[in-house]
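Beneath this line is the structure, given in structure tokens, with notes to follow.
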Amino acid sequence: GMFPADAVLKWDNREWSLGGELTPRDPVSFYHISKVQDTYNIVEACKYWWLRSYDVMQGVIYGVHTEQVSADPRLRTRLDIDEWFGTIINRFVAQAIIGIPLTLYGAGEQTRGFIALEDAMQCITRLIASPPEPGQYAVVNQMSGFYSIRELAKTVAKIAKEEFKLPVKIQRVENPRVESERHPFEPIYENLPKKFGFKPLVSLEKEISRMFKRLTQPEIKRRIEEKKHHIIPKTWWSGEKRKVETIEILELEKEIAKSEGRFEDNRQ
Numbered sequence: 590g591m592f593p594a595d596a597v598l599k600w601d602n603r604e605w606s607l608g609g610e611l612t613p614r615d616p617v618s619f620y621h622i623s624k625v626q627d628t629y630n631i632v633e634a635c636k637y638w639w640l641r642s643y644d645v646m647q648g649v650i651y652g653v654h655t656e657q658v659s660a661d662p663r664l665r666t667r668l669d670i671d672e673w674f675g676t677i678i679n680r681f682v683a684q685a686i687i688g689i690p691l692t693l694y695g696a697g698e699q700t701r702g703f704i705a706l707e708d709a710m711q712c713i714t715r716l717i718a719s720p721p722e723p724g725q726y727a728v729v730n731q732m733s734g735f736y737s738i739r740e741l742a743k744t745v746a747k748i749a750k751e752e753f754k755l756p757v758k759i760q761r762v763e764n765p766r767v768e769s770e771r772h773p774f775e776p777i778y779e780n781l782p783k784k785f786g787f788k789p790l791v792s793l794e795k796e797i798s799r800m801f802k803r804l805t806q807p808e809i810k811r812r813i814e815e816k817k818h819h820i821i822p823k824t825w826w827s828g829e830k831r832k833v834e835t836i837e838i839l840e841l842e843k844e845i846a847k848s849e850g851r852f853e854d855n856r857q
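First residue of the sequence shown: 590, per the working numbering; consecutive thereafter.
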């Protein structure tokens, strides 16, 4: 599972070294280690037993809307907003609704790939409709854009303030995780648009707006209020037993006015 020291990846007239003991994959948590292990297990199963597999490298899913889910209140999907399993956009929207300052961990420049729930389901449906050949293993990077956490906070705050008249603050807190806060991130996600016809149905801003409309309903807002003690980070990955301190409260108008760090490129 290791590349030789002189191995390189060439793409778009550029080169990246693949050599070294941490290559090809360097998981950042036990959760991600399990995903790397799954990759090799699936590859072997395809070789030995002629299984057919798409290994979907899923971007962070956000949102609560699909056509089917919105058809009946009883079909509402789950929404994780806690510090452990809650994904960042879902958590930010919940924080804005109940008046908790949006929490940036450290510098807030961590960058990840994201995709709305509705688009994630579209991708899965398209993959199921075009299965690989027996024995074939293929990787699909599934996302519709990539953003820094700071830029996401600004986007959520802007929509909360301008569309829903909610008072919002953004705060930087100590980073309770063990991770790089500034790092290169240049994902390639061409297969779904080029080979399977994927086109995003919803923009980041539209889905966040739909989330606010749904989650500000009184009965849902009440449930978020009941769980608010699970939102603020308390768990240090290093095992420390102390409060996560606030570093600073950002000036919202200046943050919203900035536009750096925002990427939305489907590379079609």
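Quick reminder that beta carbons are idealized off the backbone N, C-alpha and C, glycines included.
Pairwise C-beta distances place the region 768-779 out of contact with the region 680-689, as fewer than three of them are shorter than 8 Å.
Annotation for Phe681: Leu691, Leu741, Ala742 and Val745 place their beta carbon closer than 7 Å to its own, counting only its chain and skipping 5 residues before and after.
The Cβ atoms of Thr805 and Phe753 lie closer than 8 Å to each other.
Looking only at Tyr726, Ile704 and Ile678, the smallest Cα-Cα distance to Arg641 is reached by Tyr726. Contact between Val653 and Leu668 holds: CB atoms are separated by about 6 Å, below the 8 Å threshold. The beta carbon of Trp825 sits closer than 8 Å to those of Pro765, Arg831 and Val833, all from its chain and outside the five residues before and after it, given in chain order. For Phe703, the secondary structure class from DSSP, reduced to helix, strand or coil, is strand. The way I'd put it, the region 779-795 does touch the region 714-722; three or more beta-carbon pairs between them come closer than 8 Å.
Annotation for Thr692: the continuous beta strand (DSSP E) segment containing it runs Leu691 to Tyr694.
In the assembly as shown, Phe703 is a buried residue. Its beta-carbon has 16 or more other beta-carbons within 10 Å.
Counting only residues of its own chain and dropping the five nearest sequence neighbours on each side, Lys810 has a CB closer than 8 Å to the CB of Ile686, Ile687 and Leu804. By the C-beta density criterion, Gln731 is buried, having at least 16 other C-beta atoms within 10 angstroms.
Here the alpha carbon of Thr700 sits roughly 16 Å from the alpha carbon of Arg761.
Distance from the CA of Leu755 to the CA of Ile748, rounded to the nearest whole angstrom, comes to 9 Å. Phe801: member of the alpha helix (DSSP H) spanning Leu793 to Leu804, first to last residue. Distance from the CA atom of Tyr643 to the CA atom of Glu794, rounded to whole angstroms, is 29 Å. For Ala683, the CB contacts under 6 Å within the same chain, skipping 5 residues up- and downstream, are Ile670 and Ile813 in chain order.
According to the DSSP secondary-structure assignment, Leu598 is paired through a beta bridge with Trp605. Scanning the region 738-825 from its first residue to its last, the whole beta strand (DSSP E) runs of 3-plus residues come out as 759-762. When Pro822, Tyr620, Gln647 and Tyr651 are compared, the shortest CA-CA separation from Ser798 is found for Tyr651. Arg739 places its beta carbon less than 8 Å from that of Glu698. Annotation: Ala660 is outside any beta strand (DSSP E) and is labelled neither H nor E by DSSP. The C-beta distance from Glu672 to Lys823 rounds to 7 Å, short enough to fall under 8 Å. For Asp644, the pairing in a beta bridge is given by DSSP as Val728. DSSP places Val625 in the uninterrupted alpha helix (DSSP H) bounded by Phe619 to Trp638. When the alpha-carbon of Met710 is set against those of Glu604, Val645 and Glu837, the nearest one is in Val645.
Comparing C-alpha distances from Glu775 to each of Ser737, Met800, Lys750 and Glu796 shows the shortest one belongs to Ser737.
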